[in-house]
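Be aware that the sequence shown starts at 29, since it is given in my numbering, and climbs by one per residue.
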Amino acid sequence: MVRLLFWIALIAAAFWLWRKFKISQQSHPEQKLDDPLKMVRCAHCGVHLPNDRALQQGKDWYCSQAHLQQGPGQPR
């Protein structure tokens, strides 16, 4: 029984070392992340969305053309 546990532990340790060595040999290219987008709040409904998807009128931002036409909503 002790011999069996010894061999299982030896095989597990060898497998662990092999995986650790294999992972360290792989090159890990640096992934360039895009710059985060500024989040803006719709002046009509209050939904937050990225500024590249929002419509701006003056200092106010809107989530859709309909909300842009309706103008600012009730203050929350």
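Yeah, the Cβ is synthetic: ideal placement off N, Cα and C, and Gly gets one too.
Give the DSSP bridge partners of residue i, in chain order.
i	result
residue 70	89
residue 96	Beta-bridge pairing links residue 96 to no other residue.
residue 59	Bridge partners of residue 59: none, in fact.
residue 78	67
Are residue i and residue j closer than 9 Å when you measure CB to CB?
i	j	result
residue 83	residue 96	yes
residue 52	residue 70	no
residue 79	residue 66	yes
Would you decide whether residue i is buried or exposed? Buried here means 16 or more other CB atoms lie within 10 Å of its CB.
i	result
residue 30	exposed
residue 46	exposed
residue 35	exposed
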